[in-house]
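**Q** Here the protein sequences come in this chain order: Y and V.
Under our numbering, residue 736 is the last one in the first sequence; the count climbs by one each step, no gaps.
Under our numbering, residue 736 is the last one in the second sequence; the count climbs by one each step, no gaps.
Every residue gets a Cβ at the ideal spot worked out from N, C-alpha and C, and that includes glycine.
Protein chains: 2
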Amino acid sequence: MVDSRGRTQRVTIADIASRAGVTSSAVSLAVNGKPGVSDATRDRVLQIARELAWRPNHAARTLRGVSTHAVGLALTRPERVIEQEAFFARFITGAQAALSRQHFSLQLQMAPDLASESTIHAEWVAANSVDGIIVLDPRSHDPRVEQLERLGHPAVIVGGEWNSATIASIRPDDAEFMRTILRHLTSLGHRRIGYVTGEQSFLHIRTRIDAFNGFMVDAGVWGAVLAGNFTPERAVDATDRLMASPSRPTAVVYDSELMAIAGMGALSTAGLGVPSDVSVVSWEDSLVCQVLRPSLTTLDRDAVSLGKRSAAALLSLIGGEPVDQPTTTASVIHRDSTAAVSDAP
Amino acid sequence: MVDSRGRTQRVTIADIASRAGVTSSAVSLAVNGKPGVSDATRDRVLQIARELAWRPNHAARTLRGVSTHAVGLALTRPERVIEQEAFFARFITGAQAALSRQHFSLQLQMAPDLASESTIHAEWVAANSVDGIIVLDPRSHDPRVEQLERLGHPAVIVGGEWNSATIASIRPDDAEFMRTILRHLTSLGHRRIGYVTGEQSFLHIRTRIDAFNGFMVDAGVWGAVLAGNFTPERAVDATDRLMASPSRPTAVVYDSELMAIAGMGALSTAGLGVPSDVSVVSWEDSLVCQVLRPSLTTLDRDAVSLGKRSAAALLSLIGGEPVDQPTTTASVIHRDSTAAVSDAP
DNA sequence: CTGAAAGCGCTTACAG
DNA sequence: CTGAAAGCGCTTACAG
Numbered sequence: 392m393v394d395s396r397g398r399t400q401r402v403t404i405a406d407i408a409s410r411a412g413v414t415s416s417a418v419s420l421a422v423n424g425k426p427g428v429s430d431a432t433r434d435r436v437l438q439i440a441r442e443l444a445w446r447p448n449h450a451a452r453t454l455r456g457v458s459t460h461a462v463g464l465a466l467t468r469p470e471r472v473i474e475q476e477a478f479f480a481r482f483i484t485g486a487q488a489a490l491s492r493q494h495f496s497l498q499l500q501m502a503p504d505l506a507s508e509s510t511i512h513a514e515w516v517a518a519n520s521v522d523g524i525i526v527l528d529p530r531s532h533d534p535r536v537e538q539l540e541r542l543g544h545p546a547v548i549v550g551g552e553w554n555s556a557t558i559a560s561i562r563p564d565d566a567e568f569m570r571t572i573l574r575h576l577t578s579l580g581h582r583r584i585g586y587v588t589g590e591q592s593f594l595h596i597r598t599r600i601d602a603f604n605g606f607m608v609d610a611g612v613w614g615a616v617l618a619g620n621f622t623p624e625r626a627v628d629a630t631d632r633l634m635a636s637p638s639r640p641t642a643v644v645y646d647s648e649l650m651a652i653a654g655m656g657a658l659s660t661a662g663l664g665v666p667s668d669v670s671v672v673s674w675e676d677s678l679v680c681q682v683l684r685p686s687l688t689t690l691d692r693d694a695v696s697l698g699k700r701s702a703a704a705l706l707s708l709i710g711g712e713p714v715d716q717p718t719t720t721a722s723v724i725h726r727d728s729t730a731a732v733s734d735a736p
Numbered sequence: 392m393v394d395s396r397g398r399t400q401r402v403t404i405a406d407i408a409s410r411a412g413v414t415s416s417a418v419s420l421a422v423n424g425k426p427g428v429s430d431a432t433r434d435r436v437l438q439i440a441r442e443l444a445w446r447p448n449h450a451a452r453t454l455r456g457v458s459t460h461a462v463g464l465a466l467t468r469p470e471r472v473i474e475q476e477a478f479f480a481r482f483i484t485g486a487q488a489a490l491s492r493q494h495f496s497l498q499l500q501m502a503p504d505l506a507s508e509s510t511i512h513a514e515w516v517a518a519n520s521v522d523g524i525i526v527l528d529p530r531s532h533d534p535r536v537e538q539l540e541r542l543g544h545p546a547v548i549v550g551g552e553w554n555s556a557t558i559a560s561i562r563p564d565d566a567e568f569m570r571t572i573l574r575h576l577t578s579l580g581h582r583r584i585g586y587v588t589g590e591q592s593f594l595h596i597r598t599r600i601d602a603f604n605g606f607m608v609d610a611g612v613w614g615a616v617l618a619g620n621f622t623p624e625r626a627v628d629a630t631d632r633l634m635a636s637p638s639r640p641t642a643v644v645y646d647s648e649l650m651a652i653a654g655m656g657a658l659s660t661a662g663l664g665v666p667s668d669v670s671v672v673s674w675e676d677s678l679v680c681q682v683l684r685p686s687l688t689t690l691d692r693d694a695v696s697l698g699k700r701s702a703a704a705l706l707s708l709i710g711g712e713p714v715d716q717p718t719t720t721a722s723v724i725h726r727d728s729t730a731a732v733s734d735a736p
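Written out as structure tokens, the structure is:
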């Protein structure tokens, strides 16, 4: 609406009501599809609402305590860790897909650190502006989770291990996934395996490390874990160090695609062929892994489906339904970067 | 706060007021750092607010017409176009960096299509829930832009060409950037150049195509444009077709990193070496381009800085300041995927 | 410096 | 089926 001075005015249900000759209560019932108004009135109101290009004011609805049909995700992402961007973009693509099917929207907000993330959560809960919250990359004794538990607001912890009336965890079986990768490699004859990790403060990375070490012991295979942090620089350093070892590994597992690509670069610089000298596995799959030459053997887990499952669990929690916890499986996509170990070095 | 039945109650300024023995008006002034209350009162109020873990209710503030210090970005992203994910994650990383410096937050919302994007914009404006809006991937005669112009809400169009009192465009000089790439290639002796494009309905892609064709004519060089859509499949097909040409190009430009990587795969499959037989340039730079072997020659434009500039422009617009339109430059990062053309084919 | 009141746009009991 | 009123939590004139 434009007033006499040409300024844009907000269109409210009161405007519609006065044009339609009814009260704003009737308009509210009409536009929300609730019973209590005659069909004739409803049609007239909807027609006028359309003419005036009326839009519901979310703030007013929220204040009134109505469900917002929104889910919140606050994200702490240090700018330097570019690898996580791919994960994060794919994750929210999946989450969005699951949410939009039930007409929920995804509210995303960036935070500089974990404490700010908690502040954002608290404000969302105080303002009733999201029906549920998704938490990524939980730490052990995560303050965000403790606060959400206290607030009693529905939340899903991706990669966590908390479960209560209001909190559910989506926990990919990282230990089993690691063993799946290692079985793939040992079945190809590899007996010396390196593992270059992501950020070790993440719970799921520690789970993978434990599983790696356990497998090495049980299978009597030589293994080495080098701590990375998702950056290519660290991946290159770790790869060089592994290759300098007197018992040089014939296969290396990387926690991310970017680290795996960087590692392959380091191997190529060192004059080592993939897979002729060293086999390479990336934990995370993506289109780049597929189109690369040599194409990368990966675990067929992708962030898109993780996002879908997390959102679906949160919607169950919000709806008061039991959370479906499907056991997740993952298999190795055998591409060109892994091959049978060549004869004695 | 927990009531007698153990349920969590929302803490409001009224709760603080009653504990502090003042009115809610005084609390409002105190927590917002406005004059009108004594220092003693302010301290007492802030102390109590902290004790009760009070959080401002955004919906109430918004409804009251107060600036939300938020910027909105509604995003239409077909799930299939994975390439755009990298762009988009980097873009919002940059935007977020610029915004948080001025304590603005970024509201992100996914939309299934352009019409829904417009609906979201309209609701944001109606509800006063963002101070400004960022629009990505404008089309010619873009309905989103026309609506924002009508609504008179501050907006920045990334890659657009609209400019008015409330709308600014961040327009990288795609034509000049294309010429920069082509000058790099011709200086290396290339006289037959292929170009595999992204989605042609995007304005900036069409600008690049025009510049490519113009350069070919002016320089008397043989050029071929093949329409892609950012997918690796189309990039592979286009590359194969270029290589089958009787006047096979010695260099190919790709509109994205993913397409360039896919193209290099196709070249390798065809038994062609990079850069020995064919030089390859990617329009967009990233860490993957850098760690890849051979590393990819790229235009040193990255989505992070584009996000920063877009957000900065929007903040200027919101603040009523003139929008700073720095002329953007870009240069070619010469890596291993381009080299001087080898002697006669 | 402080208090009482109005109102942002909407929904929801409660009467008629 | 419709109308009048209260109230969500907050801010901002306006009085004292």
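Taking V:G662 as the reference, which of V:Q487, V:D631, V:R435 has the closest Cα?
**A** For the purposes of this step, residue 662 of chain V is taken as residue 271 along the second sequence, with counting starting at 1. Ranking V:Q487, V:D631, V:R435 by Cα distance to V:G662 puts V:D631 first.
**Q** Against chain Y, with Cβ distances strictly below 8 Å, would V:N620 count as a contact?
**A** By one-based count along the second sequence, residue 620 of chain V stands at place 229. Not an interface residue.
**Q** Using the Cβ count rule (16 or more neighbours within 10 Å means buried), how would you classify Y:D504?
**A** On the first sequence, residue 504 of chain Y is found 113 positions in, with the first residue counted as 1. Exposed, since its Cβ has fewer than 16 Cβ neighbours within 10 Å.
**Q** Under the DSSP definition of a beta bridge, which residues are partnered with V:T588?
**A** Here residue 588 of chain V refers to the residue found at position 197 when the second sequence is read from its first residue. Paired residues: none, contrary to the question.
**Q** Would you mind working out which of Y:I724, Y:D727, Y:D715, Y:A730 sits nearest Y:N554, comparing C-alpha positions?
**A** Within the first sequence, numbered from 1, the residue matching residue 554 of chain Y stands at position 163. When each option's Cα is compared against that of Y:N554, the closest is Y:D715.
**Q** When you compare the CB positions of Y:L579 and Y:S670, do they come within less than 8 Å of one another, or not?
**A** Counted from its first residue, the first sequence places residue 579 of chain Y at position 188. Counted from its first residue, the first sequence places residue 670 of chain Y at position 279. For Y:L579 and Y:S670, yes; Cβs fall inside 8 Å.
**Q** Under 8 Å, Cβ to Cβ, is there at least one residue of chain Y near V:S395?
**A** Residue mapping note: residue 395 of chain V aligns to position 4 of the second sequence, counting from 1. At V:S395 the pLDDT is 42, less than 50, meaning the model places this residue with poor confidence; the figure from the coordinates comes in the next sentence. With 8 Å as the cut-off, V:S395 does not count as an interface residue toward chain Y.
**Q** Just how far apart, CA to CA, sit V:L690 and V:L678?
**A** To locate residue 690 of chain V, count along the second sequence from 1; it is residue 299. To locate residue 678 of chain V, count along the second sequence from 1; it is residue 287. C-alpha separation (whole angstroms): 13 Å.
**Q** Taking DSSP as the reference, what is the three-state secondary structure of V:A738?
**A** This structure cannot speak to residue 738 of chain V, because chain V is shown only from 392 to 736.
**Q** Please report the Cβ distance between Y:A626 and Y:V587, rounded to the nearest whole angstrom; I am assuming they are in contact, meaning their Cβ atoms lie under 8 Å.
**A** Working through the first sequence from its first residue, we reach residue 626 of chain Y at position 235. Working through the first sequence from its first residue, we reach residue 587 of chain Y at position 196. Contact flag correct, Cβ pair sits at about 6 Å.
**Q** Listing by chain order, which chain V residues have their CB less than 9 Å from the CB of Y:E655?
**A** Numbered from 1 along the first sequence, position 264 holds the residue referred to as residue 655 of chain Y. The identity of residue 655 of chain Y in the sequence shown is Met, whereas the question assumes Glu. V682, L683, R684, listed in chain order.
**Q** Could you check whether the region 683 to 700 of chain Y touches the region 721 to 730 of chain Y, counting it as contact only if at least three pairs of C-beta atoms, one from each stretch, sit closer than 8 Å?
**A** Contact between the region 683 to 700 of chain Y and the region 721 to 730 of chain Y is present, because at least three Cβ pairs lie under 8 Å.
**Q** Please determine, among V:A559, V:A486, V:S520, V:Q498, the residue with the shortest C-alpha to C-alpha distance to Y:R401.
**A** Here residue 401 of chain Y corresponds to residue number 10 of the first sequence, with the count starting at 1. It is V:S520.
**Q** If you count every other CB in all the chains shown that lies within 10 Å of the CB of V:S416, and 16 or more means buried, which is it?
**A** As a position in the second sequence, residue 416 of chain V is number 25, starting the count at 1. So V:S416 ends up on the exposed side.
**Q** Y:E514 to Y:D522, Cα distance in whole Å?
**A** By 1-based counting over the first sequence, the position of residue 514 of chain Y is 123. By 1-based counting over the first sequence, the position of residue 522 of chain Y is 131. Cα-Cα distance, rounded: 12 Å.
**Q** Under 8 Å, do Y:S509 and Y:P545 count as touching if we go by C-beta distance?
**A** Translated into the one-based positions of the first sequence, residue 509 of chain Y becomes position 118. Translated into the one-based positions of the first sequence, residue 545 of chain Y becomes position 154. No; because the gap between Cβ atoms is not below 8 Å, this pair is not in contact.
**Q** Looking at the secondary structure, which residues open and close the beta strand (DSSP E) in which V:T467 lies?
**A** For the purposes of this step, residue 467 of chain V is taken as the residue at position 76 of the second sequence. Note, V:T467: beta strand (DSSP E), 461 to 467.
**Q** Examine chain V for any beta-carbon lying closer than 8 Å to the beta-carbon of Y:P545, and answer yes or no.
**A** As a working mapping, residue 545 of chain Y is identified with position 154 in the first sequence. False, the Cβ-Cβ gap to chain V never drops below 8 Å.
**Q** Check whether the Cβ of V:M392 lies closer than 8 Å to any Cβ atom in chain Y.
**A** Indexing the second sequence from 1 puts residue 392 of chain V at position 1. Because V:M392 carries a pLDDT of 47, less than 50, the predicted location of this residue cannot be relied on, and the following value inherits that uncertainty. Chain Y contact via Cβ: absent.
**Q** Let's test the definition: count the other Cβ atoms within 10 Å of the Cβ of Y:E590 and tell me whether it reaches 16, buried, or not, exposed.
**A** The residue you call residue 590 of chain Y lines up with position 199 of the first sequence. Its Cβ being crowded by 16 or more others within 10 Å, Y:E590 is buried.
**Q** Sorted by chain position, which residues of the same chain lie with C-beta nearer than 7 Å to Y:I511's C-beta, five sequence neighbours on each side aside?
**A** In the first sequence, residue 511 of chain Y corresponds to position 120, counting from 1. The answer, listed in chain order, is A465, Q500, A502.
**Q** Please list the partners that Y:P623 has in chain V, where partner means a Cβ-to-Cβ separation under 8 Å.
**A** Here the question's residue 623 of chain Y lines up with position 232 in the first sequence. By Cβ distance, chain V contributes L678, Q681, V682.
**Q** Roughly how many angstroms lie between the CA atoms of Y:V436 and Y:S409, to the nearest whole one?
**A** Here residue 436 of chain Y is taken as the residue at index 45 of the first sequence, counted from 1. Here residue 409 of chain Y is taken as the residue at index 18 of the first sequence, counted from 1. Y:V436 and Y:S409: Cα-Cα distance of roughly 10 Å.
**Q** For Y:F603 and Y:L573, what's the separation of their Cα atoms in angstroms?
**A** Reading the first sequence from its first residue, position 212 is the one you call residue 603 of chain Y. Reading the first sequence from its first residue, position 182 is the one you call residue 573 of chain Y. If I take the Cα positions, the gap works out to 8 Å.
**Q** Alpha helix (DSSP H) containing Y:A451: first to last residue?
**A** Stepping through the first sequence from its first residue, residue 451 of chain Y is reached at position 60. Here the alpha helix (DSSP H) through Y:A451 covers 449 to 454.
**Q** Among residues of its own chain, excluding the 5 on either side of Y:V612, which ones have a beta-carbon nearer than 7 Å to its beta-carbon?
**A** Here the question's residue 612 of chain Y lines up with position 221 in the first sequence. So the qualifying residues of the chain are T577, R582, I584.
**Q** Could you work out which residues of chain Y lie near V:H725, taking near to mean beta carbons separated by less than 9 Å?
**A** Walking along the second sequence from the start, residue 725 of chain V turns up at place 334. The contacting residues do not exist; V:H725 stays about 17 Å from chain Y at best.
**Q** Give every residue of the same chain whose Cβ lies closer than 8 Å to the Cβ of V:S638, excluding the five residues on either side of it in the sequence, and list them in chain order.
**A** Along the second sequence, read from residue 1 onward, the residue named residue 638 of chain V stands at position 247. Only R583, W613 meet the Cβ criterion.
**Q** What's the gap between the Cα of V:S659 and the Cα of Y:S592?
**A** Position 268 of the second sequence, counted from the start, is the residue given in the question as residue 659 of chain V. Position 201 of the first sequence, counted from the start, is the residue given in the question as residue 592 of chain Y. Taking the straight line joining both Cα atoms gives about 40 Å.
**Q** Work out the CA separation of Y:V672 and V:V549 for me, nearest whole Å.
**A** On the second sequence, residue 549 of chain V is found 158 positions in, with the first residue counted as 1. On the first sequence, residue 672 of chain Y is found 281 positions in, with the first residue counted as 1. Taking the straight line joining both Cα atoms gives about 38 Å.
**Q** Y:S722 by DSSP, collapsed to three states: which one?
**A** Here the question's residue 722 of chain Y lines up with position 331 in the first sequence. DSSP places Y:S722 in coil when its eight states are reduced to three.
**Q** Could you tell me if V:K425 is buried or exposed, where buried requires 16 or more neighbouring beta carbons within 10 angstroms of its beta carbon?
**A** Your numbering for residue 425 of chain V matches position 34 in the second sequence. The residue in question, V:K425, is exposed, as its Cβ has fewer than 16 Cβ neighbours within 10 Å.
**Q** Excluding the five sequence neighbours on either side, which residues of its own chain have a C-beta within less than 8 Å of the C-beta of V:R746, listed in chain order?
**A** The shown model of chain V, from 392 to 736, leaves out residue 746 of chain V, and the question about it has no answer.
**Q** Kindly list, in the order they appear in chain V, the residues whose Cβ is closer than 7 Å to that of Y:F482.
**A** As a first step, residue 482 of chain Y must be located in the first sequence, where it is residue number 91. Ordered by position in chain V, no residue passes the 7 Å Cβ test against Y:F482, which lies about 10 Å from the chain.
**Q** Between the beta-carbon of V:Q820 and the beta-carbon of V:G463, is there less than 8 Å?
**A** The shown model of chain V, from 392 to 736, leaves out residue 820 of chain V, and the question about it has no answer.
**Q** Are the beta-carbon atoms of Y:L633 and Y:P640 separated by less than 8 Å?
**A** In the first sequence, residue 633 of chain Y corresponds to position 242, counting from 1. In the first sequence, residue 640 of chain Y corresponds to position 249, counting from 1. Cβ atoms of Y:L633 and Y:P640: closer than 8 Å.
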